[in-house]
Amino acid sequence: MRLAIPKETQPGETRVAATPESVKKFKGLGLDVIVQSGAGASARISDSDYTAAGALVAPDAASTVKDADIVLKVRGPSPGEIVQLRNGAVLAALLSPHSEQDAIAAMAQAGITAFAMEFLPRISRAQAMDVLSSQANLAGYKAVIDAAAQFGRAMPMMMTAAGTIAPARVLVMGVGVAGLQAIATAKRLGAIVSATDVRPATKEQVESLGGTFVAVMDEEFKNAQTAAGYAKPMSADYQAKQSALIAETIRKQDIVITTALIPGRKAPILVSEEMIQSMKPGSVIVDLAAGAGGNTPLSKPDEIIEVHGVTIMGPTNLPGALATDASALYARNLFNFVSLIVDKKTGALALDWDDEIVKGAVVAKDGATVPRG
Ligand code: NAD
Numbered sequence: 004m005r006l007a008i009p010k011e012t013q014p015g016e017t018r019v020a021a022t023p024e025s026v027k028k029f030k031g032l033g034l035d036v037i038v039q040s041g042a043g044a045s046a047r048i049s050d051s052d053y054t055a056a057g058a059l060v061a062p063d064a065a066s067t068v069k070d071a072d073i074v075l076k077v078r079g080p081s082p083g084e085i086v087q088l089r090n091g092a093v094l095a096a097l098l099s100p101h102s103e104q105d106a107i108a109a110m111a112q113a114g115i116t117a118f119a120m121e122f123l124p125r126i127s128r129a130q131a132m133d134v135l136s137s138q139a140n141l142a143g144y145k146a147v148i149d150a151a152a153q154f155g156r157a158m159p160m161m162m163t164a165a166g167t168i169a170p171a172r173v174l175v176m177g178v179g180v181a182g183l184q185a186i187a188t189a190k191r192l193g194a195i196v197s198a199t200d201v202r203p204a205t206k207e208q209v210e211s212l213g214g215t216f217v218a219v220m221d222e223e224f225k226n227a228q229t230a231a232g233y234a235k236p237m238s239a240d241y242q243a244k245q246s247a248l249i250a251e252t253i254r255k256q257d258i259v260i261t262t263a264l265i266p267g268r269k270a271p272i273l274v275s276e277e278m279i280q281s282m283k284p285g286s287v288i289v290d291l292a293a294g295a296g297g298n299t300p301l302s303k304p305d306e307i308i309e310v311h312g313v314t315i316m317g318p319t320n321l322p323g324a325l326a327t328d329a330s331a332l333y334a335r336n337l338f339n340f341v342s343l344i345v346d347k348k349t350g351a352l353a354l355d356w357d358d359e360i361v362k363g364a365v366v367a368k369d370g371a372t373v374p375r376g
């Protein structure tokens, strides 16, 4: 069986879906691995690193994927890439299944069995395959590092002969995987950290990292988590109460990191223009939801802007700014997923449609898209 790793084509995508380490492991499963020349270049992995690990290197995308039984990518394929895939091939990538329904329909039509890694169920058996977590963790870290670099003051308190520098105040909005890493990173840099989320379970997590939890804790808050562990959209009444509390908190902050997302929907607006106006000049906001509509109304995807003296950054691919680490984690996630769908004795595809993980992640099979319940 043949597993292919084409070069990513989306502008600005620096990650790659396999590393020499994962290539060796795929070989151990009995698979032949073929990598497109230059696929790892932006993640500092050369063609010769892949060949040393046992992969074949092909000159272009078409020859890489032509006879492949399994194709691994970071981003979903473009229409031009879909037609290159073999009818019957299995594809696993971040397919943006909520917004890219046409692309998924095209994959179904081309006879591809497509897995959207975003749809892996968040059960403990799937943790080692959870690309959303591995990438969000890096994004949370890098958001704080980038905010600190942009901020014209120091993060920790410093007591010097020339006087004392006050520590920076950092507010993290949305305490999922990215938010937790942002809190931990800001604490390590010596900031005074507070955080907010609508899921009650996050209060203890924030406090265990040494942060202060800020939220309106009413009845609605107590029920704001779905069975899958995600946030629910909140009522207008709750949002107004929460907004008043945040307005009071945000004035005193130097750095705000927003990470609030609701899967399949536009991100909630958490920081209004008035709140931004109330912040001190020189403050920094990093909006990790900028690609999903933004947690502020002013954020612009992949731009750094200054409004009312506040810098607003809207990075949409922070894991890509740490391409080597992000690729290493992503490649391990995908290896763990592929091990689940390949028979370890024969090296052949073994898709168990009763398996919660396989069933949860598939978005196209047998020539049709898979409807979501
Ligand atoms: P996410 O990226 O979907 O959202 C980020 C955060 O934004 C979430 O904490 C969410 O509650 C919050 N949010 C949404 N609306 C908000 C609002 N109006 N105000 C404030 N905050 C708001 O979340 P995620 O990082 O993917 O994590 C979601 C959950 O899944 C977490 O509980 C996480 O611990 C859990 N998880 C479980 C596993 C597992 O068990 N395998 C793996 C990863 C994550």
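Residue numbers 4 to 376, in our numbering, belong to the letters of the sequence shown in order. Every residue, glycine too, gets a C-beta built ideally from N, C-alpha and C.
Buried/exposed call for residue i, threshold 16 Cβ in 10 Å
| i | result |
| --- | --- |
| M169 | In the sequence as displayed, the identity of residue 169 is Ala instead of Met. A169 is exposed by the Cβ-count criterion. |
| L248 | exposed |
| D290 | buried |
| T67 | buried |
| L94 | buried |
| G166 | exposed |
| T17 | buried |
| M158 | buried |
| D200 | buried |
| K206 | buried |
| D70 | exposed |
| E84 | buried |
| R335 | buried |
| P82 | exposed |
| T314 | buried |
| T299 | buried |
| Q282 | According to the sequence provided, residue 282 is Met. The question's Gln does not apply to it. Burial call: buried. |
| Q130 | exposed |
| A351 | exposed |
| V86 | exposed |
Strand pairing of residue i, partner residues [DSSP]
| i | result |
| --- | --- |
| E309 | T314 |
| Q228 | A234 |
| D290 | T261 |
| I168 | M161 |
| T67 | Answer by DSSP bridge pairing: none, since T67 is not bridged. |
| V93 | I73 and T116 |
| T372 | A367 |
| F216 | A198 |
| V36 | L6 |
| A61 | Q39 |
| L174 | S197 and V259 |
| R125 | R125 is not bridged to any residue. |
| V345 | L352 |
Cutoff 7 Å; reference residue i; Cβ partners in own chain excluding five residues on either side
| i | result |
| --- | --- |
| T327 | A46 and R47 |
| G297 | A270, D290 and G317 |
| E359 | P124 and I126 |
| G142 | The residue you asked about is not Gly; residue 142 is Ala in the sequence shown. Closer than 7 Å at the Cβ level, and outside the excluded window around A142, lie A181, L291, L321 and P322. |
| A231 | R125 |
| L325 | L141 and K145 |
| A55 | P23 |
| G155 | G285 |
| G363 | F122, L123 and P124 |
Contact belief for residue i with residue j at Cβ below 8 Å, rounded distance in angstroms
| i | j | result |
| --- | --- | --- |
| T252 | L174 | 6 Å |
| A65 | I37 | With 8 Å as the limit, A65 and I37 do not qualify as a contact, their Cβ atoms being about 12 Å apart. |
| M176 | L273 | 5 Å |
| M4 | D50 | Incorrect: roughly 22 Å between the Cβ atoms, too far for contact. |
| A250 | M278 | 5 Å |
| Q153 | L183 | Not quite, the Cβ-Cβ distance comes to about 22 Å (not below 8 Å), so this is no contact. |
| I107 | A295 | Actually they are not in contact, since the Cβ atoms of I107 and A295 sit about 18 Å apart, beyond 8 Å. |
| P9 | V74 | 7 Å |
| D63 | Q39 | 7 Å |
| F340 | M132 | 4 Å |
| K190 | L212 | 6 Å |
| A293 | P304 | 5 Å |
Same chain, Cβ closer than 6 Å to residue i, five either side skipped, listed in chain order
| i | result |
| --- | --- |
| A371 | A111 |
| A150 | I258, V287 and V289 |
| P266 | Y233 |
| F338 | S25 and K28 |
| I195 | P170 and R172 |
| K76 | A20 and A96 |
| G41 | K10 |
| Q228 | R202 |
| H101 | G267 |
| A117 | L94, M110, V366 and A367 |
| A198 | V175, V178, I186, V209 and G214 |
| L378 | With the chain represented from 4 up to 376, any question about residue 378 goes unanswered, as that position is not in the structure. |
| Y241 | E223 |
Contacts around residue i, its chain only, beta-carbon distance under 8 Å, and the 5 residues preceding and following it disregarded
| i | result |
| --- | --- |
| G57 | V26, K27, K30 and V36 |
| D354 | The identity of residue 354 in the sequence shown is Leu, whereas the question assumes Asp. The answer, listed in chain order, is V93, T116, I344 and V361. |
| M237 | V201, E223, A227, Q245 and P271 |
| T163 | none |
| A218 | T199, D200, V201, K206, F224, Q245 and L248 |
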